[in-house]
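A quick write-up on the structure given underneath.
2 protein chains.
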Amino acid sequence: MTSPVLPSRGRVRPLALAQVSLTGGFWGSRQTVNATATLAHCESWMERLGWLANFDRVADGTTGPDRPGWPFSDSEVYKLLEALSWESARTGDPEAEAAIKRLTARIARAQDPDGYLNTCFGHGGQRPRYSDLEGGHELYNTGHLLQAAVARLRGHGEDELVRLARRAADHVCRTFGPGGRAGICGHPEIEVGLAEFGRALGEERYLEQARLFLDRRGHGTLRDIPLGRAYFQDDVPVREARVWRGHAVRALYLAAAAVDVAVERGDDELLGAVERQWERSVARRTYITGGMGSRHQDEGFGEDWELPPDRAYCETCAGVASIMVSWRLHLATGDVRYTDLIERTLYNVIATSPSADGRAFFYANPLHQRVPGRPADPAEVSPRAEAGERAAWFDVSCCPTNVARTLAALHGYLATSDDDGLQIHQYASCRIRAELPGGRAAAVDVETAYPEGGTVRVRIAADADEPWTLALRVPAWAAGATLTEGGRTRPVGPGLARVRRAFRAGDEIVLDLPMEPRFTWPDPRIDAVRGCVAVERGPEVLCAESRDLPDPGALGSLVVDPRSAPRAVPGGALVRGRALALDDRPWPYPAVPAVAGPAAEPTEPAGTVAGAAEPVAGAAGAAGAAGDGGWTDVPLRPYHAWARRGPSSMRIFLPIAPPPPSEGA
Amino acid sequence: MTSPVLPSRGRVRPLALAQVSLTGGFWGSRQTVNATATLAHCESWMERLGWLANFDRVADGTTGPDRPGWPFSDSEVYKLLEALSWESARTGDPEAEAAIKRLTARIARAQDPDGYLNTCFGHGGQRPRYSDLEGGHELYNTGHLLQAAVARLRGHGEDELVRLARRAADHVCRTFGPGGRAGICGHPEIEVGLAEFGRALGEERYLEQARLFLDRRGHGTLRDIPLGRAYFQDDVPVREARVWRGHAVRALYLAAAAVDVAVERGDDELLGAVERQWERSVARRTYITGGMGSRHQDEGFGEDWELPPDRAYCETCAGVASIMVSWRLHLATGDVRYTDLIERTLYNVIATSPSADGRAFFYANPLHQRVPGRPADPAEVSPRAEAGERAAWFDVSCCPTNVARTLAALHGYLATSDDDGLQIHQYASCRIRAELPGGRAAAVDVETAYPEGGTVRVRIAADADEPWTLALRVPAWAAGATLTEGGRTRPVGPGLARVRRAFRAGDEIVLDLPMEPRFTWPDPRIDAVRGCVAVERGPEVLCAESRDLPDPGALGSLVVDPRSAPRAVPGGALVRGRALALDDRPWPYPAVPAVAGPAAEPTEPAGTVAGAAEPVAGAAGAAGAAGDGGWTDVPLRPYHAWARRGPSSMRIFLPIAPPPPSEGA
């Protein structure tokens with residue numbers, strides 16, 4: 002069956018990719034752009050930079066220690082191959098098919114007779130194989146090769162790519178298997194690749210090798226590095242860890258593999274450990290966007306509650322990896338909190354990265370941009386992950402191909418099934434033709450303008466003789482949702498809203514999700530956004546952009562009125578806000594500027610540098626009493642669309658104006 | 002004359018080091034610990050790690066590309082030599098003198114016949130001289146050598162160290178002078194070294210070379226790097242820059258040199274540029290501690306208002322460099338805002354770094370530590386700048402020797418003179434024996450318990466036939482200060498409080514500075530500390546440490562009552578605070594926890610994830626109405642003393658409890 006993840010057991014099952022197709026809308030159009038623009042874009046950049054020719058040079062014996070690209074550039078080729086394989090299976094696009102054959106042929110020539118395949122080590126004066134497990138990324142590259150082979154095997158069947166991947170996997174097992182070298186890779190990925198390739202081939206050895214890598218980790222197996230062993234999760238065994246830490250993509254790829262191994266081995270202790278890590282990490286180390294990774298220095302998680310919006314790293318790849326973990330946990334447990342997070346991550350990380358034309362990408366996804374980026378040159382490689390503008394390609398260019406492979410298989414993440422019926426988790430116009438045990442057809446067509454509109458129409462497409470259950474996920478944020486069937490409307494709360502019947506073709510079930518914009522308040526322990534509020538609308542996090550303000554510079558001193566609900570407007574929302582008029586006093590630090598705005602609200606605390614301790618909020622000014630002077634409607638737009646109209650400053654969390662003074666103060 | 006900085010002109014003049022001596026107290030004891038412990042500590046570590054032997058190996062022809070230490074390790078030896086030279090001049094300590102001779106002899110042997118002196122380049126298979134100006138630090142090292150030679154020349158007179166430094170400077174001038182290679186060093190420092198060495202020797206060529214390096218910078222002279230040219234200030238010419246940016250130490254060493262060149266060349270445009278950069282950077286890119294550098298990734302300044310307390314880098318060396326800049330600006334202009342900042346930086350960065358025994362140091366000086374550090378092993382090199390604990394030595398160990406050279410010459414930064422009198426800027430028990438033009442003695446003894454106490458007694462130590470002016474700096478924070486002389490007390494405002502008289506020995510002038518702890522409110526544009534307040538006492542920033550709380554974990558949910566003034570207690574202050582009882586809801590993010598503390602104050606905003614927009618502050622609970630239930634006295638201590646009693650979590654900026662609800666809300 003064609004699907005990126007096919008566990009042998011679990012509470013629910015993925016649908017085959019062939020059973021679902023996107024028919025337009027928010028995600029359908031993105032999948033199309035990915036197919037028609039991004040895939041070729043990625044290949045052409047890798048050709049231009051010599052990352053493809055690296056394979057040729059190994060084959061021709063002309064490579065050396067100075068080959069272009071980072072040690073992990075091979076993996077970009079494999080991620081592109083994975084994306085192409087899903088795409089070819091989805092549409093039968095001959096160009097995708099041709100690209101797969103073209104790339105496979107070049108890769109195959111570079112494989113050593115014993116199965117080893119890497120363009121950065123072991124040839125022509127390069128460092129010896131596996132001489133730098135901490136930083137060399139050899140096994141990481143192989144893991145992505147195996148994921149590409151899974152896509153090819155499931156979408157097409159055995160071919161040269163699958164065979165060479167098998168040789169590479171066998172080489173890994175020989176080298177690092179029982180009795181071999183007890184090493185692991187500095188960047189987890191081989192584990193998840195081996196596990197799925199093992200499942201796809203029914204090859205128990207690969208699963209066992211994944212387990213072995215997993216169990217070796219966390220015991221100081223790798224050499225220490227300045228960033229510390231937590232950077233690559235070699236500090237604590239995965240089953241003992243309480244929270245994700247270190248490099249976010251590494252942590253999440255590892256967690257995904259841990260779920261695979263736990264499920265296949267019936268290791269409930271390990272599964273429970275990952276569930277608890279998810280729970281704590283999502284509560285304390287995850288942004289409102291679903292983004293993960295608070296630090297630039299190590300592209301890593303920070304401490305609990307360390308969630309700066311401005312220096313948020315939130316690497317696009319970490320969003321992809323987070324979905325990998327949540328999807329596996331959902332398949333194992335059926336818990337919709339995981340598909341809730343997938344929705345959040347899809348709309349606010351994955352959708353944020355690519356430009357509308359699919360030829361530029363965000364690498365980091367900060368929640369606050371103080372200074373507009375500079376327009377990116379579409380012909381230049383961006384040396385920096387942080388830019389404020391989407392870039393065509395990066396020096397470290399992991400994100401474009403990660404977005405590509407995710408979008409190419411996205412229809413596989415919309416719904417699941419179990420013995421009793423179909424569960425729809427992500428709302429998009431689509432066609433689902435699944436089959437339940439007993440030959441019951443679970444065939445539906447979904448029509449929706451989501452997330453612009455909140456109405457989701459599910460039309461049954463085939464008669465059923467036996468009853469089955471259609472379950473629709475009601476997101477945790479969707480208070481006030483209703484379900485209409487057979488002319489009856491009822492309220493439905495967060496979780497799965499179920500309808501069980503012997504459905505007839507033409508039956509319609511309508512889910513109405515409340516799409517009024519809403520304030521979302523951060524946990525008081527998130528120091529970096531204290532005194533701020535975010536606005537969300539449906540699954541979309543909204544943001545304010547400087548270019549929507551009459552004075553773009555005013556974004557830096559914007560405050561919003563939390564007593565006035567955000568109002569819906571097409572494409573976003575309006576909040577009541579105003580810019581504080583702040584003067585600059587350079588000294589003494591910290592300058593407490595006088596607030597000279599039209600309605601002098603109490604933003605000037607008393608007891609300032611002059612030393613006397615006095616009441617703070619409400620100490621000065623006459624509050625909202627001044628009427629609406631200075632207040633104006635501030636437009637908010639979906640975060641994923643920020644900087645699409647050119648460079649802009651931006652913020653998601655908006656400072657609230659202090660409340661009016663109280664009697665007691 | 003012996004002084005670290007001796008401009009040929011300026012509004013005020015430094016005193017000679019020989020004219021001032023610390024006689025105990027806060028800084029006197031630190032200078033003593035530096036002399037008796039830190040200097041030997043630094044030498045022994047550099048011996049142990051082979052950084053000293055690097056010189057021997059060059060001399061013996063046994064060095065190679067694999068020499069131990071970073072390319073800038075030579076500079077640590079030179080910074081230690083500078084510290085030893087000031088120390089030897091201060092006390093005549095034979096051990097310091099012996100160490101100088103010992104180190105100089107080893108260094109001298111490594112100098113090439115043409116004057117080039119570096120242990121990392123140009124010998125025995127190492128990369129060629131000046132083949133990596135961006136990262137090689139060759140000229141940087143030489144700059145520190147010249148600063149050491151300045152200390153030796155002024156404190157002792159010409160000797161081998163001075164002569165070899167002269168040969169090195171000549172080599173730099175030949176290589177990079179007019180007609181030579183138009184290069185600059187990736188790390189500014191040669192400029193400030195050349196400028197002062199030129200002043201010390203009256204060697205105009207060196208000043209001119211400093212000017213040349215300065216003028217070459219900012220034109221893309223260096224190759225671009227992934228962090229961008231702003232990292233090493235090669236993005237914008239120094240006279241055109243509006244603000245400090247990039248690597249903080251680099252930016253500040255460069256600014257110091259720019260002041261030197263501006264003063265010596267009468268270049269008021271350049272001086273004005275640095276003054277404006279100082280003004281903007283101090284207002285917008287400087288922490289309340291005086292610390293500079295908001296980012297770990299590049300050890301650099303962030304954007305305006307980007308001042309996260311938790312990930313504050315605030316490298317100790319940047320504190321040293323900030324003092325270098327402010328001191329030069331003060332000498333040029335006489336403006337006390339510069340000595341105000343020096344005070345802030347001395348008490349809250351420089352005093353924070355070393356342990357009480359002078360054998361361990363903070364490298365980074367964050368304002369918020371969420372998780373206590375692990376006890377540092379005094380026998381191990383810390384690979385990390387961030388630790389939460391002072392470390393004996395670092396992989397990159399620039400800070401210990403920078404603290405050492407600053408403390409060894411600290412008495413040079415206490416006071417200045419002009420034609421009319423003496424200005425005292427930093428209050429410490431000390432003895433000053435200056436001479437004013439016309440042979441007037443400006444001799445005073447200062448006695449104070451500052452900063453524990455706010456009384457500063459200045460006793461005149463010599464009769465004067467002619468009147469002169471004693472000026473005492475009243476810090477900007479010191480509202481309510483008074484000056485008492487001749488039995489009369491008068492209020493004095495921030496700035497210089499002056500007394501002009503034909504003083505008689507025994508006359509006493511007493512400055513009383515208000516030492517009540519005070520709230521300090523951050524600028525509303527500093528997003529990272531919105532809704533928080535800091536407490537300062539005199540020049541000291543205070544902090545809360547977990548080990549002072551009955552439940553150390555409560556620091557993470559501590560709020561303080563801004564309506565209740567902080568109260569002084571010996572060694573610190575008390576604020577009224579309480580820990581919020583927050584429960585953990587892992588999902589949906591962002592969890593808005595119920596507040597279940599004894600007095601349910603409105604920390605639970607309504608209108609949460611459920612979507613309905615409702616008033617925020619004051620929405621729930623009965624406010625302070627619940628009496629003092631839950632409120633308690635939270636002890637605050639000087640930030641510079643944090644983690645001295647062992648690992649601890651800590652924060653300077655304290656969240657304030659929301660005010661009680663108002664009628665209107």
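Read top to bottom, the protein sequences are chains A and B. Take the first sequence: its position 205, counted from the start at 1, is 206 in our numbering, and no numbers get skipped. Take the second sequence: its position 189, counted from the start at 1, is 190 in our numbering, and no numbers get skipped. Glycine included, C-beta positions come from ideal geometry on N, C-alpha and C.
For D67(A), there is no enclosing beta strand (DSSP E), as DSSP gives it neither H nor E.
Below the 9 angstroms Cβ cutoff, chain A contributes R371, V372, G557 as neighbours of D305(B), in chain order. Close partners of C533(B) in chain A (Cβ separation under 9 angstroms): D528, R531, G532. Between the beta-carbon of V457(B) and that of T470(B) there is about 17 angstroms, and that puts the pair past the 8 angstroms contact cut.
For V447(A), the enclosing beta strand (DSSP E) covers residues 441-449.
Annotation: the continuous beta strand (DSSP E) that includes I461(B) extends over 456-461. In the DSSP annotation of this structure, the continuous segment of the alpha helix (DSSP H) that includes L202(A) starts and ends at 191-202. By the Cβ criterion, the region 78-88 of chain B is in contact with the region 396-414 of chain B, since at least three pairs of Cβ atoms, one from each stretch, lie closer than 8 angstroms.
Against R312(A), the close residues of chain B are R296, G303, E307, P309, R312, in the order they occur along the chain (beta-carbon pairs closer than 8 angstroms). At least 7 angstroms separates the CB of P636(A) from every CB of chain B.
Fully enclosed beta strand (DSSP E) runs of no fewer than 3 residues occupy 559-561, 568-570, 573-580 of the region 554-580 of chain A, in order along the chain. The distance from the Cβ of N55(A) to that of T120(A) is about 4 angstroms, consistent with a contact at the 8 angstroms cut-off. Cβ contact annotation for R218(B) (same chain, cutoff 8 angstroms, sequence separation greater than five): I185, P189, Q234, D235, P238, V239, L255, in chain order. In this structure, the beta-carbon distance from A435(B) to A463(B) does not fall below 7 angstroms. Per DSSP, G144(B) is one residue of the alpha helix (DSSP H) stretching across 139-156. For S418(A), the three-state secondary structure derived from DSSP is strand. Judged by their CB atoms, P373(A) and F362(A) are not nearer to each other than the 7 angstroms cut-off.
Under DSSP, the beta-bridge partners assigned to H369(A) are R652(A). Remark: C-beta atoms of A416(B) and I433(B) approach each other more closely than 7 angstroms.
A472(B) counts as buried, since no fewer than 16 other beta carbons sit within 10 angstroms of its beta carbon. In this structure, DSSP gives G413(A) a helical state, which the three-state scheme calls helix.
Under DSSP, the beta-bridge partners assigned to G301(A) are H248(A), R296(A).
For the pair of segments examined, the region 382-399 of chain A was found not to touch the region 328-335 of chain A: the number of CB pairs separated by less than 8 angstroms stays below three. Cα atoms of I108(B) and E161(B): separation of roughly 10 angstroms, rounded to the nearest angstrom. The shortest CA-to-CA distance from D562(A) to any of I657(A), G573(A), R12(A), V459(A) is the one to I657(A). With the criterion set as a beta carbon lying under 9 angstroms from some beta carbon of chain A, the members of the region 202-229 of chain B are D225, I226, P227, L228, G229, in sequence order.
DSSP, read as helix, strand or coil, puts V493(B) in coil. Neighbours of R385(A) across chain B, judged by C-beta separation under 8 angstroms: P227, L228, G229. Going by DSSP, A472(A) is part of the beta strand (DSSP E) stretching over 469-475. Looking only at G273(A), A60(A), Y339(A), A480(A), the smallest Cα-Cα distance to V13(A) is reached by Y339(A). Out of Q32(A), T105(A), E98(A), the CA that lies nearest to the CA of D57(A) is found in T105(A). The three-state reading of DSSP puts S282(B) in helix, counting H, G and I together. According to DSSP, residue pairing for T334(B) in a beta bridge does not occur. Sequence-distant Cβ neighbours of R285(A) in its own chain, meaning closer than 7 angstroms and more than five residues away, are D305, W306. Contact annotation: V635(B) and V576(B) have beta-carbon atoms nearer than 7 angstroms. For Q148(B), the CB contacts under 6 angstroms within the same chain, skipping 5 residues up- and downstream, are E83, G194 in chain order.
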